[in-house]
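Residue numbers (my numbering), protein chains in the order written: chain A, 6 to 428; chain B, 6 to 428.
Where is the CB? At the ideal position from N, CA and C, for every residue including glycine.
Number of protein chains: 2
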Amino acid sequence: MKKYLSLSVPERTAIYNELKNEYESYLERGLSLDLSRGKPNGVQLDTSLGLMSVDLSGDYLSEDGFDCRNYGVLDGLPEMKRFFADAYGIRAEDIIVGGNSSLQLMHNVLTTAMLHGVATSNAPWCREQGLKWICITPGYDRHFRITEQLGFELLDAPMKNGQPDMDLIEELALDPKVKGVWCIPKYSNPSGITYNEDTVRRLVSMKCGAPDFLVMWDNAYGIHDFTEDADSLPDIFKLAEEYGTLDRVFYFSSTSKVTFPGGGVAFMAANPAQRSHFLRYLGAQTIGFDKLNQLRHLRFFGNAENLHKHMLTLGARVKRKFDIALAELSCIEGLGIASWTVPKGGYFITLNVLPGTAKRVYELMCGAGVTLTPVGATHPYGVDPTDSTIRLAPTYPTDDELELAMKILAIAVRLSAIENLNA
Amino acid sequence: MKKYLSLSVPERTAIYNELKNEYESYLERGLSLDLSRGKPNGVQLDTSLGLMSVDLSGDYLSEDGFDCRNYGVLDGLPEMKRFFADAYGIRAEDIIVGGNSSLQLMHNVLTTAMLHGVATSNAPWCREQGLKWICITPGYDRHFRITEQLGFELLDAPMKNGQPDMDLIEELALDPKVKGVWCIPKYSNPSGITYNEDTVRRLVSMKCGAPDFLVMWDNAYGIHDFTEDADSLPDIFKLAEEYGTLDRVFYFSSTSKVTFPGGGVAFMAANPAQRSHFLRYLGAQTIGFDKLNQLRHLRFFGNAENLHKHMLTLGARVKRKFDIALAELSCIEGLGIASWTVPKGGYFITLNVLPGTAKRVYELMCGAGVTLTPVGATHPYGVDPTDSTIRLAPTYPTDDELELAMKILAIAVRLSAIENLNA
Chain A
6 MKKYLSLSVP ERTAIYNELK NEYESYLERG LSLDLSRGKP NGVQLDTSLG
56 LMSVDLSGDY LSEDGFDCRN YGVLDGLPEM KRFFADAYGI RAEDIIVGGN
106 SSLQLMHNVL TTAMLHGVAT SNAPWCREQG LKWICITPGY DRHFRITEQL
156 GFELLDAPMK NGQPDMDLIE ELALDPKVKG VWCIPKYSNP SGITYNEDTV
206 RRLVSMKCGA PDFLVMWDNA YGIHDFTEDA DSLPDIFKLA EEYGTLDRVF
256 YFSSTSKVTF PGGGVAFMAA NPAQRSHFLR YLGAQTIGFD KLNQLRHLRF
306 FGNAENLHKH MLTLGARVKR KFDIALAELS CIEGLGIASW TVPKGGYFIT
356 LNVLPGTAKR VYELMCGAGV TLTPVGATHP YGVDPTDSTI RLAPTYPTDD
406 ELELAMKILA IAVRLSAIEN LNA
Chain B
6 MKKYLSLSVP ERTAIYNELK NEYESYLERG LSLDLSRGKP NGVQLDTSLG
56 LMSVDLSGDY LSEDGFDCRN YGVLDGLPEM KRFFADAYGI RAEDIIVGGN
106 SSLQLMHNVL TTAMLHGVAT SNAPWCREQG LKWICITPGY DRHFRITEQL
156 GFELLDAPMK NGQPDMDLIE ELALDPKVKG VWCIPKYSNP SGITYNEDTV
206 RRLVSMKCGA PDFLVMWDNA YGIHDFTEDA DSLPDIFKLA EEYGTLDRVF
256 YFSSTSKVTF PGGGVAFMAA NPAQRSHFLR YLGAQTIGFD KLNQLRHLRF
306 FGNAENLHKH MLTLGARVKR KFDIALAELS CIEGLGIASW TVPKGGYFIT
356 LNVLPGTAKR VYELMCGAGV TLTPVGATHP YGVDPTDSTI RLAPTYPTDD
406 ELELAMKILA IAVRLSAIEN LNA
């Protein structure tokens with residue numbers, strides 16, 4: 006296919022008119038499709054159906070004989086820690102098991118930092134003025150919202166060549182007002198990329214102006230490979246240990262997209278100093294999280310090997326959606342108007358369209374009854390400076406809905422591109 | 006029985022020596038008993054055994070068809086709100102359903118107030134200096150710890166004639182630095198008393214120096230009656246509405262001591278202004294709490310009427326412990342050395358011993374291998390100014406353990422009293 010840029014205006018206009026007709030034919034159908042939500046669909050959730058049948062009434066004791074129905078065990082059952090440690094390749098003793106939401110743990114860590122500092126702080130963060138936070142983009146809107154709401158100035162650090170731009174991040178981190186960076190290191194939301202060793206190494210070895218700079222390591226998709234041919238994420242704790250910067254790393258994940266977003270188990274991990282500092286404040290909040298749900302998950306999976314099998318079943322179900330989405334994008338390949346990621350796991354595809362056209366694509370999709378993630382949601386303050394990033398969440402719709410939505414998307418991308426090139 | 010005070014020193018010494026022998030006979034037994042913990046025991050927990058067998062795999066939809074396995078529904082399932090509303094006599098629309106811990110909701114409300122204020126605030130609380138908080142005593146150490154950790158000066162407001170001392174509280178509340186008061190209004194921890202209408206009316210009608218003064222209404226034992234002959238708690242929302250002070254009231258409870266402390270469902274309630282202010286910040290923390298556990302509870306109980314029956318079964322099991330404890334206290338009745346509450350529900354008995362002897366009682370009990378709640382835990386900063394308050398938590402031990410522990414306690418109280426009177 007010829008690149009649109011090398012076509013003459015009349016050639017492009019001819020294509021435009023044809024596509025416009027096609028687009029308009031969809032308008033009459035009164036569609037209502039949704040590609041906006043990073044939610045599993047029913048088929049994916051059914052992978053964990055057995056979890057809801059686990060009957061604990063015959064045995065509600067932890068391995069060390071603790072009655073899990075009762076109060077206590079603030080930082081989680083030892084066997085649950087070991088289970089997560091095995092699954093994610095981290096140390097059980099670094100883990101704190103939480104409630105159903107890793108986002109809430111992240112919020113909790115930063116709220117505690119605001120009011121009491123972290124182990125490496127000289128003072129509570131709320132006593133400092135003009136705090137800033139690094140946001141690698143495209144990124145996750147809920148991360149950005151936490152730091153925005155806590156009053157941080159959000160610094161946009163766009164990815165470069167499919168990795169975080171470490172030159173820029175290293176420069177930003179020198180500012181003592183910069184307190185940390187949000188990271189989704191594997192199958193990143195929404196780019197689908199995985200941090201390579203150079204990136205991780207530089208994140209833990211870089212010089213930071215703030216003594217209490219934090220790498221918020223949201224490994225949400227850490228075990229979400231589609232197949233055995235998976236990305237490999239370098240071990241951040243091992244690398245940080247090498248540089249003596251373990252204090253910097255707060256690690257998070259959950260079973261939200263392993264079992265159920267509405268009833269999973271979240272965890273965090275940090276080195277002993279940060280962990281015990283945080284637990285002092287966590288201990289004033291709660292007597293303990295839901296241990297019965299921890300037990301339920303342990304009984305359902307049995308061990309990390311079964312979890313791995315489970316993730317491959319689930320991965321196949323999610324990959325099916327990605328394959329459908331990517332197949333539909335093939336008709337805009339080679340036109341020089343869009344590029345996209347082809348992740349080996351996770352939940353999202355990033356579609357990069359011509360600068361200045363993403364909002365127009367969104368508008369055209371809305372017009373045809375297809376909801377996309379609002380353009381800008383992937384960037385601080387909801388503004389994508391180049392207006393070119395579209396987050397695709399293919400998991401939730403049915404196959405047919407997805408195929409249809411992607412067909413319309415491929416049209417909308419071409420229409421917007423031609424409008425832009427002809428303008 | 007003759008009051009100890011009216012006995013001569015030699016008479017008291019004779020009694021003392023006899024009791025001392027009895028006490029020493031227990032020392033040889035190497036006991037290890039625990040009256041310190043407000044925890045249900047296995048028999049009480051078994052009342053909810055069926056909850057752990059609820060199989061949701063056949064139907065995981067909410068009444069309006071929402072797949073509870075998935076993300077969403079920040080403030081709780083509508084049917085869960087209605088269930089709590091029916092059970093506690095409050096309005097469903099005021100309710101936010103949380104995770105497994107009401108303490109965490111309380112902490113969350115106050116942390117949000119620190120960082121962002123409440124709906125009635127002029128500024129985040131963390132920008133103000135010298136904030137204070139009213140602690141009705143004896144009270145709950147975990148309440149006091151939250152406000153202590155957040156930097157409040159804790160003001161001790163001792164109960165008077167079995168009710169909060171409203172003259173004192175009204176006076177304290179006039180100070181604009183005083184931001185609120187902790188209340189456990191029914192079967193209070195640890196006194197077991199229930200606030201009467203005059204108390205509740207004055208709490209919502211009193212003049213407050215701070216525009217954003219909060220009544221933190223922890224109705225933890227709101228449905229924890231032993232029998233149908235129960236205390237009746239005035240409706241704080243109704244009274245607050247009368248005085249136009251609904252903004253002041255944050256209501257909390259949970260099923261921790263209804264089903265399982267390690268896997269229950271908590272909720273809070275507040276008027277629309279406070280509720281929507283809080284939800285703005287809650288929405289940045291989490292996409293939603295565990296809806297499957299909400300569903301599990303709903304399926305187990307069916308309706309508020311079954312819950313009521315369940316609470317009477319549970320109440321009978323708890324009352325049995327109270328009866329054992331109170332029976333053993335009868336041998337120190339009329340001696341003028343101790344008084345205690347006889348609650349109609351809840352989890353605790355407060356034993357008031359002679360001023361200056363509570364720590365000595367605790368010490369004697371430790372010596373005999375019986376753990377009590379540390380003296381002072383019922384007061385701000387862990388200090389009971391009159392050294393006279395002992396919190397008894399009779400639910401956790403077995404009947405035999407409890408009887409034995411209470412026998413030793415009755416001896417320890419008498420020994421300490423005589424030591425004090427003879428000194």
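Chain B within 8 Å of residue i, Cβ atoms only
i: F283 of chain A; result: no
i: K86 of chain A; result: no
i: N127 of chain A; result: no
i: Y76 of chain A; result: yes
i: P195 of chain A; result: no
Residue-chain proximity (residue i, chain A), Cβ-Cβ < 8 Å
i: L397 of chain B; result: no
i: C131 of chain B; result: yes
i: R352 of chain B; result: Inspection of the sequence shows that residue 352 of chain B is occupied by Tyr rather than by Arg. It does not: the Cβ of Y352 of chain B has no partner Cβ on chain A nearer than 8 Å.
i: R150 of chain B; result: yes
i: C73 of chain B; result: yes
i: F294 of chain B; result: yes
i: P266 of chain B; result: yes
i: L38 of chain B; result: no
i: Q290 of chain B; result: yes
i: G104 of chain B; result: yes
Inter-residue spacing [alpha-carbon to alpha-carbon] between residue i and residue j
i: E247 of chain B; j: E158 of chain B; result: 31 Å
i: I142 of chain A; j: G156 of chain B; result: The residue you asked about is not Ile; residue 142 of chain A is Thr in the sequence shown. The alpha-carbon atoms of T142 of chain A and G156 of chain B are separated by roughly 37 Å.
i: R253 of chain A; j: E310 of chain A; result: 30 Å
i: D203 of chain A; j: L50 of chain A; result: 36 Å
i: L173 of chain B; j: I100 of chain B; result: 31 Å
i: E16 of chain A; j: I95 of chain A; result: 57 Å
i: D69 of chain B; j: E176 of chain B; result: 49 Å
i: T32 of chain B; j: L319 of chain B; result: Contrary to the premise, residue 32 of chain B reads as Leu rather than Thr in this sequence. About 34 Å.
i: N75 of chain B; j: K44 of chain A; result: 7 Å
i: S393 of chain B; j: A363 of chain B; result: 5 Å
Where the beta strand (DSSP E) through residue i begins and ends
i: E158 of chain A; result: 158-163
i: S258 of chain A; result: 254-259
i: F71 of chain A; result: No beta strand (DSSP E) contains F71 of chain A, which DSSP labels as neither H nor E.
i: N357 of chain A; result: 354-358
Beta-carbon contacts of residue i that lie in its chain and below 8 Å, excluding the five residues immediately before and after
i: V102 of chain A; result: D80, G81, L82, M85, K86, F89, V270, A271, F272, F294, Q299
i: A343 of chain B; result: L334, I337, L356, N357, V358, L359, V418, A422
i: M211 of chain B; result: M171, I174, E175, A178
i: G135 of chain B; result: E158, K182
Span of the alpha helix (DSSP H) around residue i
i: V366 of chain A; result: 363-372
i: S67 of chain B; result: Unbroken run through S67 of chain B: none, as it is neither H nor E.
i: D404 of chain A; result: 404-427
i: G47 of chain A; result: 47-51
i: S107 of chain A; result: 107-121
i: G320 of chain A; result: 309-334
6 Å Cβ shell around residue i - same chain, five flanking residues per side excluded
i: S261 of chain A; result: G269
i: S259 of chain B; result: S107, G269, A271
i: V14 of chain B; result: N427
i: Y93 of chain A; result: G227
i: R365 of chain A; result: S421
Contact set for residue i: own chain, Cβ-Cβ below 7 Å, skip 5 residues either direction
i: S37 of chain B; result: G374
i: T403 of chain B; result: none
i: G341 of chain B; result: K8, Y9, L10
i: K412 of chain A; result: E333
i: G122 of chain B; result: A128, P129, W130, D217
i: S389 of chain B; result: Strictly speaking, residue 389 of chain B in this sequence is Asp, with Ser absent from that position. Within the same chain, D389 of chain B has close Cβ partners A363, V380, G381, T383.
i: L120 of chain A; result: P129, C131
beta-carbon residue i near the ligand NAP non-hydrogen atom, thresh 7 Å
i: L12 of chain A; result: The ligand NAP is absent from the structure shown, which contains no ligand whatsoever.
Cβ separation of residue i and residue j, assumed to be a contact under 8 Å, to the nearest whole Å
i: Y200 of chain A; j: P216 of chain A; result: So it is not a contact: roughly 24 Å between Cβ atoms.
i: D236 of chain B; j: K349 of chain B; result: 5 Å
i: Q186 of chain A; j: M164 of chain A; result: With the sequence shown as reference, residue 186 of chain A is identified as Val, and Gln is not the correct amino acid for it. Not really, about 13 Å apart at Cβ, beyond 8 Å.
Residue-chain proximity (residue i, chain C), Cβ-Cβ < 8 Å
i: S259 of chain B; result: Looking at the structure shown, chain C is missing, and the protein chains on hand are A and B.
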